[in-house]
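Working notes for the structure below.
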Amino acid sequence: MIDTSGETPENPRRLAGSDFREVLSTVPTGVVAITAMESGHPVGLVVGTFTSVSLNPPLVGFLPAVSSTSFPRVLAAGAFCANVLTHDQRDVCRAFAVSGNDKFAGLSWQPSPVTGSPVLDGVAAWIDCSITAVHEAGDHLIVIGAVEQMARTANSPSLLFYRGAYTHPRGTSDVLPPA
Ligand SMILES: Cc1cc2nc3c(=O)[nH]c(=O)nc-3n(C[C@H](O)[C@H](O)[C@H](O)COP(=O)(O)O)c2cc1C
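Written out as structure tokens, the structure is:
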């Protein structure tokens, strides 16, 4: 049980950041490189917060930190491509997580069909989106994208992040969840 004694306006239950990370790290996430073209330059960041939002209309979302230096450039583009990384693309993940890095050095990519955002070679899938909304949420933003085009491009296993480490979706069950 987490000690929540004491209060502050920003954190009324006084949850420690380390406890927050430790507890939330039990939720496995996918790893997605968000890319965009800003003034002719490819930009991007890696996120574990990419998610489907709505089927009709087709919407997806992700949550960049307000401290991200790349997200304002994605926002300026007004569009992004969500690149679903495979387990073999851990190096791409590391490169996209470093602020100020030349994140596209040595990478091959093609422009996405509708927004022209970079589709990285070898990704499991890509989802080409226009930004339709940005909501404030504490020290992060909730970004909503309308899906313009999408494709599943490789059969390789997706990269997962779980309890602070990369992992592999081994032991995938054939049993489907209830419809
Ligand atoms: C597995 C993983 C998941 C991440 N998820 C997020 C995320 O959901 N939101 C976020 O803002 N940063 C996330 N980061 C950190 C960013 O990738 C990156 O450190 C940050 O955007 C700094 O680069 P920038 O200044 O170019 O934006 C994640 C990093 C890793 C390795």
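Quick note on numbering: the sequence shown equals residues 332 to 510 in the numbering used here. Glycine included, C-beta positions come from ideal geometry on N, C-alpha and C.
Asked	Found
Is Thr360 closer than 7 Å to Gly379 when the C-beta atoms are compared?	yes
Just reading off the beta strand (DSSP E) that Val397 is part of, what are its end residues?	Segment: none, Val397 is in no beta strand (DSSP E) and carries neither H nor E.
Decide if Gln420 is buried, meaning its Cβ has at least 16 other Cβ atoms within 10 Å, or exposed.	buried
By alpha-carbon positions, which one of Asn387, Gln480, Ala455 and Val474 ends up nearest to Ala464?	Val474
Among the residues of its own chain, which have a CB less than 6 Å from the CB of Phe402, if the five just before and after it don't count?	Pro395
Does Leu376 come out as helix, strand or coil in the three-state DSSP assignment?	strand
Taking 7 Å as the CB-CB limit, is Leu438 close to chain C?	The chain labelled as chain C is not found in the depicted structure, where only one protein chain is given.
Are there three or more Cβ pairs, one per stretch, closer than 8 Å when the stretch 408-415 is compared with the stretch 452-470?	yes
Any idea which residues DSSP pairs Gly409 with across the strands?	DSSP, once it has assigned bridges, lists no residue as partnering Gly409.
Buried or exposed, going by whether 16 or more other CB atoms sit within 10 Å of the CB of Ala364?	buried
Per DSSP, which residues does Pro442 bridge with? Please list them.	Pro449
Glu341 by DSSP, collapsed to three states: which one?	coil
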